[in-house]
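J.:
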Amino acid sequence: EAGVTQSPTHLIKTSGQQATLRCSPISGHTSVYWYQQALGLGLQFLLWYDEGEERNRGNFPPRFSGRQFPNYSSELNVNALELEDSALYLCASSSTYGEKGEKLFFGSGTQLSVL
Amino acid sequence: GEDVEQSLFLSVREGDSSVINCTYTDSSSTYLYWYKQEPGAGLQLLTYIFSNMDMKQDQRLTVLLNKKDKHLSLRIADTQTGDSAIYFCAETDTGRRALTFGSGTRLQVQP
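Those sequence lines, one after another, are chains V and X. If you use this note's numbering, the first sequence corresponds to residues 1 to 115, in order. If you use this note's numbering, the second sequence corresponds to residues 116 to 226, in order.
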């Protein structure tokens with residue numbers, strides 16, 4: 001069974017540009033989560049999508065946005081890139097309303113570098 | 116808001132036991148997790164525990180939960196060099212909000 005896949009693996013942009021990151025969840029999973037892992041800062045929750053709807057949002061500015069498609073894949077868009085947006089962006093998926101809490105399965109991430 | 120804290124670094128010798136500690140602030144935390152991140156990789160779920168449990172054992176891993184003190188620990192028995200990684204503690208509640216992660220503990224295993 002394929003795990004969570006993210007693309008691209010690496011992305012290099014300059015300040016002011018826009019970045020689009022993509023995520024395909026595990027087959028059968030309807031929830032997708034996005035986290036930012038900046039150097040030394042641990043994982044910061046960005047966005048949670050479930051069944052095509054945005055369910056929750058972390059403490060990030062509106063230039064971080066995303067969407068979930070009917071096939072449950074997801075995009076994360078970052079507009080007006082800033083140097084401090086440089087980080088590893090991790091996508092995770094889980095099945096809907098798991099009876100034993102939310103077990104998230106992570107992809108390997110997209111390393112975004114803003115120059 | 117919710118907060119999860121971990122020590123940043125732990126160094127042990129191969130064959131010894133490792134104990135990684137975590138504290139959390141949210142008293143409504145219902146599910147607590149341990150994830151492992153190897154260099155250049157995403158996070159791998161190691162184990163999890165419900166808040167109504169005190170202990171869970173899974174092969175070399177033992178999770179202890181002190182709900183009164185909001186303290187969670189992960190013990191790795193017979194630590195191997197392949198266990199070198201960053202270990203994240205995470206928590207959530209029954210409201211199904213996203214997991215809140217600690218900053219991670221880097222475990223270094225010396226041969």
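The beta carbon of each residue, even a glycine, is placed where N, CA and C say it ideally should be.
Report yes if the C-beta distance between Gly66(V) and Leu41(V) is below 7 Å; otherwise report no.
T.: no
J.: Using DSSP bridges, identify the partner residues of His186(X).
T.: Thr138(X) and Asn181(X)
J.: Any beta-carbon of chain X closer than 7 Å to the one on Tyr33(V)?
T.: yes
J.: Below 9 Å on C-beta distance, what does Ser108(V) contact in chain X?
T.: Gly155, Ala156 and Gly157
J.: In the structure shown, what three-state DSSP assignment does Gly66(V) receive?
T.: strand
J.: Within 10 Å of its beta-carbon, does Ala205(X) have 16 or more other beta-carbons around it, so buried, or fewer, so exposed?
T.: Label assigned to Ala205(X): buried.
J.: Report yes or no: do the stretch 211 to 220 of chain X and the stretch 160 to 178 of chain X share at least 3 C-beta pairs separated by less than 8 Å?
T.: no
J.: Out of Glu51(V), Leu21(V) and His10(V), which one is the CA nearest neighbour of Gly28(V)?
T.: Glu51(V)
J.: For Ile191(X), count the other beta carbons within 10 Å of its own beta carbon; 16 or more makes it buried, fewer makes it exposed. Which is it?
T.: buried
J.: List, in chain order, every chain V residue whose beta-carbon is nearer than 9 Å to that of Leu222(X).
T.: Correct list: empty, because the minimum Cβ distance to chain V is about 15 Å.
J.: Tell me the DSSP secondary structure of Glu84(V) in three-state form.
T.: The answer is helix: DSSP assigns Glu84(V) an H, G or I state.
J.: How many angstroms separate the CA atom of Phe116(V) from the CA atom of Cys23(V)?
T.: Because chain V spans 1 through 115 in this model, residue 116(V) falls outside it and cannot be assessed.
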